[in-house]
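The opening position of the sequence shown corresponds to residue 5 in this note's numbering, with each subsequent residue numbered one higher.
Heads up: the structure comes next, in structure tokens.
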Amino acid sequence: MGSPGSFSLRKKIHLAQVSNGYFPQCVSPLLYGLSTTFPFQSMGVCFIGERNFEKFLLEYLEPQPGNFVSVEYKKVMGTHKGWFLYTIGQRARLAGLQDAWFVVDKDVSTGDIFVAPSTDHPALFRDLLRTNRVHWIAEEPPAELVRDKMMECHFRFRHQMALVPCVLTLNQDGSVWVTLVKPARALTPGQFAVFYKGDECLGSGKILRLGPSVFTMQQGRNREEGTKKEDIDKVEPAT
């Protein structure tokens with residue numbers, strides 16, 4: 005299955021969970037010039053129409069009030085009606101604040117939504133994730149991955165994002181660790197990681213776990229450097 009080209013739908017990210025055996029039975033709208041070749045592109049949830057998505061969800065889900073918490077200072081910045089109303093990377097409109105804040109993490113157990121004051125804040129970027137058991141379009145993992153337990157390829161988790169070089173590490177249960185060459189913004193559990201080798205879409209797996217954010221790693225390094233300085237300060241001068 006080919007990778008992206010000039011048509012946005014050629015990215016085929018929506019077919020990454022389909023088994024290879026079904027494709028010979030499919031008719032391509034591009035090849036046969038069908039009326040569905042150039043459909044209207046909807047960026048929202050088309051079946052709910054023009055309406056407020058938060059209000060739509062709250063018609064079916066009970067509100068679960070919680071706090072917006074600054075990821076930098078752990079300070080409560082405001083309140084919300086439910087963690088399920090927000091996704092990673094989304095702008096959080098905080099009452100009384102004109103500056104833009106963005107969702108960087110959520111704690112479902114407490115209802116806290118962690119926010120940061122920039123769309124490119126390091127808390128939004130991560131370079132490690134783990135999937136569930138990967139669905140391979142060819143029904144088996146690539147021979148290189150089976151042989152070496154590791155393989156270089158490319159990755160995306162949104163249909164419009166550029167492919168990102170990565171390294172897959174195969175686990176015994178069929179899941180994979182994905183190590184990105186450079187951190188990606190707003191990786192989100194529940195979304196699908198789709199893998200490509202050259203022009204071929206290999207398959208995909210649901211994102212289950214994330215590695216630490218760039219911000220967390222920076223904080224760890226800062227604490228470590230601070231500890232080292234304290235240790236140096238404690239050293240008795242030579243006499």
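Beta carbons: idealized from backbone N, C-alpha and C, even for Gly.
Treat the numbers as computed from the prediction; the structure is a model and nothing was measured.
In the DSSP annotation of this structure, the continuous segment of the alpha helix (DSSP H) that includes L149 starts and ends at A147 to D152. Contact between the stretch 83-94 and the stretch 129-138 is absent: fewer than three C-beta pairs spanning the two stretches fall below 8 Å. Per DSSP, the continuous beta strand (DSSP E) segment holding K210 begins and ends at E204 to L214. Annotation for L184: the continuous beta strand (DSSP E) segment containing it runs V180 to R189.
For P67, DSSP records no beta bridge to any residue. Between V75 and V108, the C-beta spacing is below 8 Å.
Of the candidates A190, G209, P193 and P69, G209 places its Cα closest to the Cα of F199. Between T135 and V180 a beta carbon distance of about 5 Å is seen, short of the 8 Å cut, so the two are scored as contacting. L172 sits in a strand when the DSSP states are folded into three classes.
For T123, DSSP records no beta bridge to any residue.
A distance of 8 Å or more separates the beta carbons of F161 and A20. If you check the CB distance, A190 and G93 come in under 8 Å. Taken through DSSP and simplified to helix, strand or coil, R137 comes out as coil.
K59: member of the alpha helix (DSSP H) spanning F57 to L62, first to last residue. Burial check for A99: the Cβ neighbour count within 10 Å stays below 16, so the residue is exposed.
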